[in-house]
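What follows is one structure encoded as structure tokens, with my remarks underneath.
Structure representation (structure tokens):
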């Protein structure tokens, strides 16, 4: 009897092809896509809620919410009038580029400057998948401990910014902020780290400033490239 | 030109074969294996530290620490004289049964009653992989929010117990404990939930009692089965 053989196409190759199409589409429209990645409960949705409530003047934005099941996070954002679509992976632990591409094509990209993708809560797998983003943003809460960058380094190597969330809880934790920052620098010395509290709004401004700089580059890529030289 | 085709064997089938071998081996030795699964920073290692420090009389135990990279968690346990081996997945987001099997065979199983596997920090993928455990134990911290059982239901459906950690932080959080317990019950009405604080030791006793009951069943499987009838 023949042994059962499963055959897959080159899934990663297909993913990168869709990511490439997304990058072209967004470049043509001058829209920046940010891929928020962090553990379950790291505070990704709360960060988006805080940006929705406090960012002024806010660029024209939309959110794509990635989840294994349920539309709970999308409903949270909808309550704040943030334009949001829900991407359900049906059990998969990360978003793939094809699903993101189709969801983006349903948005009115001509009216947008910025799209956040909130990836499935997972510090490992989503970092491996390009979805055509301008930048991956790592979201890490202080309640997860100081050493996560060392233990799950891929995301922090790939990310162009890190957001350290729930800083309002620091007085109640046995937490050495210095150790966390050292771990992040050890994995990626170029990584800007934004310390924020979605609960109090503290620290949001440097983060929105960084995002606004990326938006200006996206709208005028040639001049940004010229400046980088 | 031929399109590149990647061919895999039935990986899940091979995993289940190794899990079956582990189950046979541990049944023959009367050793219970518990698979601790939770997000990065959910407090799995801290729970093991607290058990090491406070569980009296403690069964003869060992820990297998699963991580993507680094031996940091194993070192934490070694400092407390907890017998520990480190399993590195080399980037993979979960432990597979074969690696666990080989690590178990290197332990002196005749001298042990209990082995904990601390899986890679991940609320999604490890739940899909049988490693030959007696039970999966879901570890969820109160800082992750109330709705995680609904958003990541597979683990909580598969688990035979849940440990809700970091309860000492409840006074500082905007957290409805009732909502979390309702979400857990909605996903798995039979799931016992143990509320613990590794920092204070609060709530460990009901958990160790539950584990001790499972150990008694493992040592005398026929009588436990008779009792269940």
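Residue numbers (the working numbering), protein chains in the order written: chain A, 1 to 229; chain B, 1001 to 1229. Glycine included, every Cβ here is placed at the ideal spot set by N, Cα and C.
For residue 82(A), the secondary structure class from DSSP, reduced to helix, strand or coil, is coil. For residue 1141(B), the three-state secondary structure derived from DSSP is strand. The C-alpha of residue 1113(B) is placed about 26 Å away from the C-alpha of residue 1199(B).
Taking 7 Å as the cut-off, the beta carbon of residue 140(A) is found closer than this to the beta carbon of residue 148(A). The beta carbon of residue 122(A) sits closer than 7 Å to some beta carbon of chain B.
Contact note: residue 172(A) reaches chain B through 1169 and 1172, using a C-beta cutoff of 7 Å and chain order.
Per the C-alpha coordinates, the member of 195(A), 219(A) and 25(A) positioned closest to residue 107(A) is 25(A). Membership of residue 191(A) in any beta strand (DSSP E) is not indicated, and neither H nor E is assigned to it by DSSP. The Cβ-Cβ distance between residue 1136(B) and residue 1015(B) does not fall below 7 Å. Here DSSP, grouped into helix, strand and coil, assigns residue 1034(B) to strand. At the C-beta level, residue 126(A) and residue 94(A) come within 7 Å of one another. The DSSP assignment places 161 to 165 as complete runs of the beta strand (DSSP E) inside the stretch 149 to 193 of chain A, in order along the chain (cut-off: 3 residues). At a cut-off of 7 Å between beta carbons, residue 180(A) makes no contact with chain B.
One finds nothing in chain A with a Cβ atom closer than 8 Å to the Cβ of residue 1197(B); even the nearest lies about 12 Å away. Judged by beta-carbon spacing, residue 1157(B) lies within the 7 Å limit of residue 1187(B), meaning their Cβ atoms are closer than that value.
Note on geometry: alpha-carbon atoms of residue 1167(B) and residue 172(A) lie some 12 Å from one another.
Residues of chain A whose Cβ lies closer than 7 Å to the Cβ of residue 1068(B) are, in chain order, 124, 151 and 152.
Residue contact with chain B for residue 147(A): present (Cβ-Cβ distance below 7 Å to some residue of chain B). Looking at 143(A), 72(A) and 190(A), the one whose alpha-carbon comes closest to that of residue 160(A) is 190(A). Within chain A, no residue has its beta carbon less than 7 Å from that of residue 1049(B); the closest one is some 12 Å off.
According to the DSSP assignment, residue 1066(B) belongs to the beta strand (DSSP E) that extends over 1061 to 1067.
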